[in-house]
Amino acid sequence: MNTHFDRLLLKKCNRRNILLGAGFFTGLAVASQWRSVLAQPKFSAYPFSLGVTSGDPLPDSVILWTRLAPDPLNGGGMPSENVPVQWQVALDEKMSKVVLRGEVMATPELGHSVHVNVGGLQPERWYWYQFKVGNETSPIGRTRTAPASGKLAKQFRFAFASCQNYEQGYFAAYKRMAEEDLDLVVHLGDYIYEGAAQANQIRQHNGPEPVTLEEYRNRYALYKSDSDLQAVHAAFPWIVTWDDHEVDNNWAADIPQDPQLQSREQFLARRAAAFQAYYENMPLRESSIPRGSSLQLYRRLRFGNLVEFNVLDTRQYRTDQPCDDGIKPRCPEALDPSATLTGSEQENWLFRGLDRSRAVWNVIAQQVVFAQHDWTAGEDSAFNVDAWDGYVANRSRILNFLARRKPSNPVVLTGDTHSNWVNDLKADFNQPNSATVGTEFVGTSITSNFTASDRIEAALPESPWVKYFNGRQRGYVVCDLNPQRWRTDYRLLAPSPPTGATVSDPNAPITTTVSFELPNRGVVQRVS
1 MNTHFDRLLL
11 KKCNRRNILL
21 GAGFFTGLAV
31 ASQWRSVLAQ
41 PKFSAYPFSL
51 GVTSGDPLPD
61 SVILWTRLAP
71 DPLNGGGMPS
81 ENVPVQWQVA
91 LDEKMSKVVL
101 RGEVMATPEL
111 GHSVHVNVGG
121 LQPERWYWYQ
131 FKVGNETSPI
141 GRTRTAPASG
151 KLAKQFRFAF
161 ASCQNYEQGY
171 FAAYKRMAEE
181 DLDLVVHLGD
191 YIYEGAAQAN
201 QIRQHNGPEP
211 VTLEEYRNRY
221 ALYKSDSDLQ
231 AVHAAFPWIV
241 TWDDHEVDNN
251 WAADIPQDPQ
261 LQSREQFLAR
271 RAAAFQAYYE
281 NMPLRESSIP
291 RGSSLQLYRR
301 LRFGNLVEFN
311 VLDTRQYRTD
321 QPCDDGIKPR
331 CPEALDPSAT
341 LTGSEQENWL
351 FRGLDRSRAV
361 WNVIAQQVVF
371 AQHDWTAGED
381 SAFNVDAWDG
391 YVANRSRILN
401 FLARRKPSNP
411 VVLTGDTHSN
421 WVNDLKADFN
431 QPNSATVGTE
441 FVGTSITSNF
451 TASDRIEAAL
461 PESPWVKYFN
471 GRQRGYVVCD
481 LNPQRWRTDY
491 RLLAPSPPTG
501 ATVSDPNAPI
511 TTTVSFELPN
521 RGVVQRVS
């Protein structure tokens, strides 16, 4: 028994009084429910050091995840052999009403990670799950299936987050998220940061900038060892996608941030290692098992007829950033019709899904700011060409589709920019009076810093479709949906200083700083 780990998780509970850590002790008490196994591996330390999570819920199935890592920061500490792992799913947090059980092999080829596709579940209900290997049992996790296909759920509540630089602060926002009453968590990228360890940080990265598979595994282990992040993973199912820092800052397809230092062949080998480490550490389905330097990540998840999530990958298929990247005046390449963030196949996939959707709310969950925004006040202009402002034709095709085909209530969810925004999506941003065809909610970072608030605030009058901006606070966003309206609460920590750690208090309180409501077929408005 790892008593330190148990004490950490024992502190985590939510409004439904689910004790995420207490279940660990209960699991020991009902150990007779587990089948005996021939293999009795010995571990140098507690093998479930990285916790448990679940993801990609369907009405009848969900992915359950864990990874065996008794020495998590040094390659995992597992032998180079297959290890049988048992799993159980129950109707209660005490794991006394087990409804499904099985066994899966944790293999060295996938870092002894486990991805169990549990089927035969009932729609729209909570389940609890636990793993066992040898004589060790994991913490108990909780998950929830999606509503049945065609059902119009009365309510759905989820949070979205992004950008959790370990060095720049504590994960106090996750401590508070674990206390929320949620059906789902959506992570929009920058789960890890790939930078080398920096001096004088509130916390410190382990080792140099990762390039090899083991180095990426160690970096994920550092992040996933955080007890607050583990608590949120154990409390709710997750939907995940990546941005850039899971691989290399501002990478684009097969082009690294610094092609003068990394050849294409070197970067593709690095990308393959990063992709494998990402799969090993995320609750993804078998369809996302990496194939060398490719990984299928964009996908669609439906929650009855209330909400449908189109989860995008805006890194793997994009053309190189125009204008030599950065925040600057647009060059002609930013307007090139062939420039793309999504690639043509993913773009067409998005259009087909939106066209066929019968959901009240149609979400596009993606990474970089979608709305146009000039960062510079006055006659000069500057645009972030790593975001959709550098891929104007690709964005215009999506906006034209929304204006022409009118899918029900399109909502774009965005991370990346370490700041909070609410944007009307205009049919033509160069014509501010053109029709509003959708809404964008941009969430701030969990910890990653932001230093451009003054500059953006000065330029906001030139972007009248921006209804809210706040770059001074870290946190997450909670969205509460029903068939009549969508409510978005910006749940934020106290303002962070312009320099230094963004979250220096691991127990910092959180408040709803501002709320917006979007009526069904309406335009978003601030309500508090």
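If you read the sequence shown in UniProt numbering, its first letter stands for residue 1, the second for the next number, and so on. In this text, a Cβ means the ideal position worked out from N, Cα and C, and glycines have one as well. Since the model is a prediction, treat every value here as computed from it, not as a measurement.
Restricting attention to Pro84, Thr66, Ser54, the CA atom closest to the CA of Phe48 is found in Thr66. Taken through DSSP and simplified to helix, strand or coil, Gln168 comes out as helix. In terms of CA proximity to Pro497, Asn449 leads the group Ala173, Asp428, Asn449. Contact fails between the stretch 381 to 394 and the stretch 213 to 226, because fewer than three Cβ pairs, one in each stretch, are under 8 Å apart.
Distance from the Cα of Arg302 is smallest, within the candidate group Ser293, Glu286, Arg318, Asn362, for Asn362.
Note that the stretch 128 to 141 does not touch the stretch 153 to 163; fewer than 3 beta-carbon pairs, one per stretch, sit closer than 8 Å.
DSSP lists Phe158, Thr488 as the bridge partner or partners of Cys479. If the five residues before and after Ser61 are omitted, its C-beta is found closer than 7 Å to the C-beta atoms of Asn117, Val118, Gly119, Leu121, all from its own chain and listed in chain order. At a Cβ-Cβ threshold of 9 Å, Gly51 and Ser138 count as neighbours. Three or more Cβ pairs closer than 8 Å define a contact, and the stretch 223 to 236 meets that threshold against the stretch 178 to 198. Asp190 counts as buried, since at least 16 other C-beta atoms from the protein chains shown sit within 10 angstroms of its C-beta. Under DSSP, Ala339 shares a beta bridge with no residue. Beta-bridge partners assigned by DSSP to Val363: Phe309, Val411. Nearest C-alpha to Asp228 among Phe171, Val411, Trp251, Val422: Phe171. Of the candidates Glu440, Thr451, Gln484, Gln431, the residue whose Cα lies closest to the Cα of Glu462 is Gln431. For Val89 against Val114, the beta-carbon gap comes to about 14 Å, at or over 8 Å, which does not count as contact. Linking Phe383 to Asp355 through their CA atoms gives a straight-line distance of about 31 Å. Taking a C-beta distance under 9 Å as the contact criterion, Thr143 and Trp128 qualify as a contact pair.
With a beta-carbon spacing of about 18 Å, Ala106 and Leu73 fall beyond the 8 Å limit used to define contacts.
Spatial neighbours of Pro290 in its own chain (CB-CB distance under 6 Å, excluding positions within 5 residues in sequence) are listed in chain order as Phe275, Gln276, Tyr279.
Check the Cα spacing between Ala221 and each of Asn420, Ile192, Arg300, Ala501: the tightest is with Ile192.
For Ser294, the three-state secondary structure derived from DSSP is strand. Taken through DSSP and simplified to helix, strand or coil, Lys42 comes out as coil.
Distance from the Cα of Thr436 is smallest, within the candidate group Leu460, Thr444, Val442, Pro410, for Pro410. The stretch 357 to 372 makes no contact with the stretch 319 to 335, as fewer than three CB pairs between them are under 8 Å. In this structure the stretch 196 to 211 does not lie against the stretch 282 to 301, because fewer than three pairs of beta carbons, one per stretch, are closer than 8 Å. Short of 7 Å from the beta carbon of Ala339, and not among the five residues preceding or following it, lie these beta carbons of its own chain, in chain order: Thr319, Pro322, Glu333, Tyr391, Ala393, Asn394. Glu345: not part of any beta strand (DSSP E); member of the alpha helix (DSSP H) spanning 344 to 356, first to last residue. Three or more beta-carbon pairs drawn from the stretch 411 to 427 and the stretch 477 to 494 are found closer than 8 Å, and the two stretches are therefore classed as touching. The alpha-carbon of Glu93 is positioned some 8 Å away from that of Gly141. In this structure, Asn520 sits near Pro483, with a CB-CB distance shorter than 9 Å. Under a 10 Å Cβ-count criterion, Ala197 is classified as exposed, with fewer than 16 other Cβ atoms of the shown protein chains found around its own Cβ. Between Leu91 and Ala148, the alpha-carbon positions lie close to 18 Å from each other. Residue pairing by DSSP puts Glu440 in a beta bridge opposite Val412, Asn423.
Sequence-distant Cβ neighbours of Asn281 in its own chain, meaning closer than 6 Å and more than five residues away, are Tyr220. Nearest in C-alpha terms to Thr53, of all of Lys406, Val185, Leu460, Ala153, is Val185.
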